[in-house]
Amino acid sequence: TWQTVADFVKLEKHTVTGLSPNTIYLFIVRAVNAYGLSDPSPISEPVRTQ
Numbered sequence: 001t002w003q004t005v006a007d008f009v010k011l012e013k014h015t016v017t018g019l020s021p022n023t024i025y026l027f028i029v030r031a032v033n034a035y036g037l038s039d040p041s042p043i044s045e046p047v048r049t050q
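Residues in the sequence shown are numbered from 1 upward in steps of one, following full-length UniProt numbering.
Following this line, the structure appears as structure tokens:
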């Protein structure tokens with residue numbers, strides 16, 4: 001399932017903390033502004049934590 005890992009991100013990159021080691025994650029990005037909620041980005045390539 002998808003879950004929100006950050007709100008009010010002001011920069012073009014963000015470090016996600018609290019991930020489990022040796023686990024594969026997928027990410028999407030959505031934006032919220034005065035016009036509403038954006039469509040989700042394409043799903044990222046799989047990322048494995050160390």
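No residue lacks a Cβ here, since even glycine has one placed at the ideal position from N, Cα and C.
Note that the structure is predicted; figures quoted are calculated from it, not measured.
Have a look at residue i and residue j and give me their C-alpha separation to the nearest angstrom.
| i | j | result |
| --- | --- | --- |
| Thr1 | Gln50 | 22 Å |
| Arg48 | Ile24 | 4 Å |
| Pro40 | Val32 | 11 Å |
| Asn22 | Ala34 | 38 Å |
Closest to residue i by CA distance: which of the options is it?
| i | options | result |
| --- | --- | --- |
| Thr4 | Val16, Ala34 and Glu12 | Val16 |
| Ser38 | Leu11, Ile28 and Gly18 | Ile28 |
| Val9 | Ile24, Tyr35 and Arg30 | Arg30 |
| Leu26 | Glu12, Leu19 and Ser44 | Ser44 |
For residue i, verify whether its CB is less than 7 Å away from any heavy atom of the ligand NAD.
| i | result |
| --- | --- |
| Glu12 | No copy of the ligand NAD appears in this structure; indeed no ligand is present at all. |
Would you list the residues sitting across from residue i in a DSSP beta bridge?
| i | result |
| --- | --- |
| Asn33 | Gly36 |
| Val47 | Tyr25 |
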